[in-house]
Each structure stands twice: as C-alpha cells, then as structure tokens.
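In mature numbering (1 follows the signal peptide of the UniProt record, and there is no 0), the protein residues as written are -24 to -1, 1 to 165.
Have a look at this one:
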C-alpha cells in the first residue's frame, strides 16, 4: 500500500512540474494587424485556376479531301468523343468454357479500369466479346490493349476491323480450321 502511495505522489509531482513549465513558457502573440504581411505564395497556376481551358489543338483542321483512307479513319477515331461499342473476336480453334470467356471479359475490364479507360466487356458467345466505353477518345488506347492480348484475334468498331500485322483475315482462318476438321474426320474413318 505504501508503495502505491509513493508512486501516486511521484506522478503528481511530475504532473505539477510539467504544468508549471508549460504555464511559465513564453507566449507568442499574433496580432490581427496584417498590413505589414507580404503574401507572395501565389504562383501562376493559382492565378489561372478555374479559367476556361484553351482547346487542345489550335492548328486548322486537316484537309479530309486529300487524306488517304487509313489516315482519314485514324483522324476520325482520334476525334471521336462520345460513347462507343464494338466487338472482339477471340482466337479461333481454342475451346473455351463460358466461365473462361467471362473471366477474360472481367480481367480485361479490370485491367483497363486501372488505366482509367472506362470499358466494360460482356461475353456474347464462346468466341466473341462485346465492349462498351463511355469516352470514345480512349479508343486508340483500347485498340492497342486488345491487340496486345494473346486471346484476341480481331477488334471491330463500326465498319473498321483491326488485326495484328501478319494475321490473315477471319474467313481464311475459318476455312483453314474447317479443312483441318474435315481432314481429321476422314483419317478417323
């Protein structure tokens, strides 16, 4: 009991000493008179904050009549800003379950979301995904992403079809797969 009383007394003495030191400390007085204060913290960005932004490209629009079709399509894709949708054909000749196709759609949606591209993929069938995107200006980034994926074969938006360089057209791939299937079934007989 005596030990508890000594500890309590020691704590009380320390608290009184700390309070005395805090009360005896020199206080700084801040006046309300701000006439002699120099405010030089504003920079150019702060002064222009909230002002209307200038258009991105001040150059005159390109002459569309003199552009080749590929350059014209690229220019139209770059200038598109509204919602867009399209389709992705997955590689043919690979059997996939419904869960695998839905997994690809979910994975692509999540990866693109981390890159700030608002795109949602939906499985249409075992070889096709449909995508919707809120901002059409992200189409070029989406195209680059899709064509970099090994599961993707073809990317279609509007009337435009995009494939990796060197990939044959879809009709040739289908004909080749059907021929292999026929030859395989003849060998079994």
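Glycine is no exception: its CB is placed at the ideal position from the N, C-alpha and C atoms.
Put residue i into one of helix, strand or coil per three-state DSSP.
{"i": "residue 119", "result": "helix"}
{"i": "residue 10", "result": "coil"}
{"i": "residue 126", "result": "coil"}
{"i": "residue 23", "result": "helix"}
{"i": "residue -20", "result": "helix"}
{"i": "residue 85", "result": "helix"}
{"i": "residue 41", "result": "helix"}
{"i": "residue -12", "result": "helix"}
{"i": "residue 113", "result": "helix"}
{"i": "residue 67", "result": "coil"}
Note down, in chain order, each residue of its chain lying with its Cβ closer than 8 Å to the Cβ of residue i, except the 5 sequence neighbours on either side.
{"i": "residue 105", "result": "63, 64, 66, 77, 80, 81, 84, 97, 98 and 99"}
{"i": "residue 60", "result": "108, 109, 112, 115 and 133"}
Assuming residue i and residue j are in contact, meaning their beta carbons sit under 8 Å apart, how far apart are those beta carbons, in whole angstroms?
{"i": "residue 117", "j": "residue 87", "result": "Wrong, their Cβ atoms sit about 12 Å apart, outside the cutoff."}
{"i": "residue 153", "j": "residue 48", "result": "Not confirmed; about 34 Å, so no contact."}
{"i": "residue 102", "j": "residue 139", "result": "With a Cβ gap of about 20 Å, residue 102 and residue 139 do not count as contacting."}
{"i": "residue 128", "j": "residue 137", "result": "Not quite, the Cβ-Cβ distance comes to about 12 Å (not below 8 Å), so this is no contact."}
According to DSSP, which residues form a beta bridge with residue i?
{"i": "residue 193", "result": "Absent from the model: residue 193. The displayed extent of the chain is -24 to 165, so no value can be given."}
{"i": "residue 62", "result": "107"}
{"i": "residue 137", "result": "132"}
{"i": "residue 96", "result": "108"}
Identify, in the order they occur along the chain, each residue of the same chain with its Cβ nearer than 6 Å to the Cβ of residue i, setting aside the five sequence neighbours on each side.
{"i": "residue 91", "result": "none"}
Which residues in the same chain have their Cβ closer than 7 Å to the Cβ of residue i, if we skip the five residues on either side of it in sequence?
{"i": "residue 146", "result": "65 and 130"}
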